[in-house]
Amino acid sequence: MAAGLTIILGAGMIFINLKTKVPWVKIPNSNLNLISQEINLPPGSLFCDLGCGDGRVLFFIEKQELKKGQPLKLVGYELAFYPYLRGQFLKFWFASKVELKNKNFLKQDLGAAQGVFIFLVERIMPKVALALQSKLKPGALVISYAFKLPNWRIYKTLETKPSQTYIYLKN
Ligand SMILES: C[S@@+](CC[C@H](N)C(=O)[O-])C[C@H]1O[C@@H](n2cnc3c(N)ncnc32)[C@H](O)[C@@H]1O
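So for the sequence shown, the numbering used here puts the first residue at 82; every next one is plus one.
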């Protein structure tokens with residue numbers, strides 16, 4: 082039974098990885114503090130993790146924002162079912178208000194988002210850059226760990242490890 086479930090979830094992961102060309106790799110925890118300090122949005126703002134894995138970045142941000150007394154509306158999109166499922170378990174465990182959606186972020190209306198976080202892979206960044214250019218509103222904050230958005234002007238670079246983090250403000 083457990084072996085069958087593992088095989089089904091594993092096969093599902095492989096299928097989604099082939100489809101999105103983006104594996105589920107976690108950003109090192111040690112970077113999350115530095116990154117979350119860059120999110121200075123008004124309380125109630127919508128902030129999304131596009132390809133959120135198990136939601137760990139959003140759970141961290143939620144904790145930090147609650148400490149500041151400035152809760153944000155946090156939404157994560159994740160296509161692969163296993164990390165999404167794990168995220169739902171963590172959401173329950175942390176009694177979190179983060180919303181996790183098993184959906185393709187490229188097909189979502191992101192017009193209400195004041196900020197997004199992305200950690201994807203180099204080869205899909207041109208496509209993501211174009212999608213964010215058309216979907217985000219002017220002034221929206223974009224935080225990209227490890228990979229640059231082609232043709233976007235970097236506003237700030239964070240010395241996260243082992244890769245840098247690039248911050249943009251949508252023009
Ligand atoms: C490198 S992981 C990053 C996970 C998480 N943001 C973190 O930093 O720990 C990227 C995730 O994006 C997901 N993904 C890739 N393309 C996607 C899409 N179009 N819609 C939703 N999720 C996507 C992948 O399934 C993968 O789990």
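Note that CB positions come from ideal geometry on N, CA and C, so glycine has one too. Small disclaimer: the values here were computed from a predicted structure and weren't measured.
Here the region 175-195 lies against the region 113-132, with 3 or more beta-carbon pairs under 8 Å apart. When N110, I224, P164 and L181 are compared, the shortest CA-CA separation from K237 is found for I224. The three-state reading of DSSP puts S111 in helix, counting H, G and I together.
Linking N112 to K242 through their CA atoms gives a straight-line distance of about 7 Å. For I142, the enclosing alpha helix (DSSP H) covers residues R137 to K149.
Contact holds between the region 199-218 and the region 242-252, because three or more Cβ pairs, one in each stretch, are under 8 Å apart.
A direct Cα-Cα distance of roughly 14 Å separates L239 from F200.
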